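Colleague:
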Amino acid sequence: IEGPAWRLRPPAAVAEEIATYVRETGYRRFEFVDSTFNVPLAHAKAILRELVDRRLGLALSTMGLHPGAVDEELIALMRQAGFMEICLGVESGCDATLAGLGKNFTVATIERTGRLIRESGIPAMWFLLLGGPGETEATARESIRVISRLAAPLDVINVGIGLRAYRGAPVARDMIATDPGLAADNFLHPVAYRPSAIDLPGLKFLVAREATRRHNVMMFDDGADILPWFSKFYAWVFPRQPVWRAFAFTRFLNYFNGVWLVSNLLFNLFAGLIRRGLERRFALPRDPGRTA
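All residue numbers for the sequence shown refer to the working numbering, where the first residue is 26 and numbers rise by one.
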């Protein structure tokens, strides 16, 4: 996603590099940090086949799995190679919002990919990006509802709110057409896109409320409210599970210990204060070339 071409290494070289680390260090946990691991799809599959053939006993993870480049063979190879978690960048669960973001996949694609991942048993963290062109309260609620339905009970739905506009992006061109003085330094400093149908405080408030109702919804910038000692304990008890699953696990337990009920009551009681605090947080002075 950072350029017009791929720079691809030979699959055998990638697998052999990992095998060398295993032989020399005994370490078997590796993360693929490509912007989009599974694009091109054939290349990703070739790497996975090389890893499967070497039988290294790996514990693998990856960020940025593209939901439009997933099939049964890919998921089967990921499972055989030793994937213990997947980070899936779906961005939205609403076709109108996906179109506004310029995505080349639909909700039907996400549903098929979600079904394959869930059937495989590989834990997944689902990433949403709310606040793009055409976003409304209804589309945001639809996104959370759809992805909540697709995610496994201990998967986490990680919600980011707001977009940064970059030079050359369609959304940046549209913003400049409306306000030519918006980015005097050509978007060098951050400029936030703001949807017309819902303000960012309202969107943040909506997600905060959903997080009190759904045990596996987390706002990206707020992080996971979990005690460090429990994370370590969870990792010790479940060494083949991603540690972020401890967040969904503890939140799920809150349904039974009364914490969920108390948090909902407190949120409803102080909803006005929460909303005003978010409005102050996002009400930044306008400085052309900086955060809008």
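For each residue, glycine too, the CB sits at the ideal point set by N, CA and C. If you're wondering where the values come from, they're calculated on a predicted model, not measured in any experiment.
1) Taking only the alpha-carbon atoms, compute the straight-line gap between G394 and P35 and give it to the nearest angstrom.
2) Check whether the Cβ atoms of T237 and N289 sit closer than 8 Å, and answer yes or no.
3) Could you tell me the boundaries of the alpha helix (DSSP H) in which E42 lies?
4) Report the residue from G157, D224 and L294 whose alpha carbon sits nearest the alpha carbon of D199.
5) Three or more beta-carbon pairs under 8 Å between the region 77 to 90 and the region 51 to 68, yes or no?
6) Could you round the C-beta distance between Y218 and A177 to whole angstroms and report it? I think they count as a contact, below 8 Å.
7) Within this structure, are the beta carbons of S117 and S173 separated by less than 8 Å?
8) Smallest Cα separation from I147: which of A44, L126 and C112?
9) Return the chain-ordered list of same chain residues with a C-beta closer than 8 Å to the C-beta of R19, the five sequence neighbours on each side being excluded.
10) Is the beta carbon of P215 less than 8 Å from the beta carbon of E304?
11) Applying the 10 Å Cβ sphere with the 16-neighbour rule, what's the burial state of P92?
12) With G125 as the anchor, note down where its alpha helix (DSSP H) starts and where it stops.
13) In the DSSP assignment, the alpha helix (DSSP H) including L291 goes from what residue to what residue?
14) Would you list, in sequence order, the uninterrupted beta strand (DSSP E) runs of no fewer than 3 residues that lie entirely inside the region 157 to 221?
15) Are there three or more Cβ pairs, one per stretch, closer than 8 Å when the region 290 to 300 is compared with the region 113 to 132?
16) Who does I111 pair with in a DSSP beta bridge?
17) Where does P220 land, buried or exposed, given buried means 16+ other C-beta within 10 angstroms?
18) CB V181 to CB F263, shorter than 8 Å?
19) Thinking C-alpha only, which one of K257, R192, V287 and G187 is nearest F245?
20) Excluding the 5 residues preceding and the 5 following V58 in the sequence, name in chain order all residues of the same chain whose CB lies nearer than 7 Å to its CB.
Modeller: Once the coordinates are examined:
1) Nothing in the structure corresponds to residue 394, since the chain is present only between 26 and 317.
2) Contact: yes.
3) Unbroken alpha helix (DSSP H) run through E42: P36 to T50.
4) Closest option to D199, Cα to Cα, is G157.
5) Result yes; three or more Cβ-Cβ pairs closer than 8 Å.
6) Approximately 32 Å separates the beta-carbon atoms of Y218 and A177; this is outside 8 Å, ruling out the contact.
7) No, these two residues do not count as a Cβ contact at 8 Å.
8) Per the Cα distances, C112.
9) The chain is shown from 26 up to 317; residue 19 falls before or after that span and cannot be answered.
10) For the 8 Å CB-CB criterion, P215 and E304 do not form a contact.
11) Residue environment: P92 is assigned as buried (16 or more neighbouring CB atoms within 10 Å of its CB, all protein chains considered).
12) G125 -> alpha helix (DSSP H) spans D120 to G125.
13) Per DSSP, the continuous alpha helix (DSSP H) segment holding L291 begins and ends at V284 to L294.
14) 181 to 186, all fully within the region 157 to 221.
15) No: fewer than three Cβ pairs fall under 8 Å.
16) Looking at the DSSP assignment, I111 forms a beta bridge with T87 and A149.
17) Under a 10 Å Cβ-count criterion, P220 is classified as buried, with 16 or more other Cβ atoms of the shown protein chains found around its own Cβ.
18) No; because the gap between Cβ atoms is not below 8 Å, this pair is not in contact.
19) Nearest option by C-alpha distance: G187.
20) Contacts found: M88.
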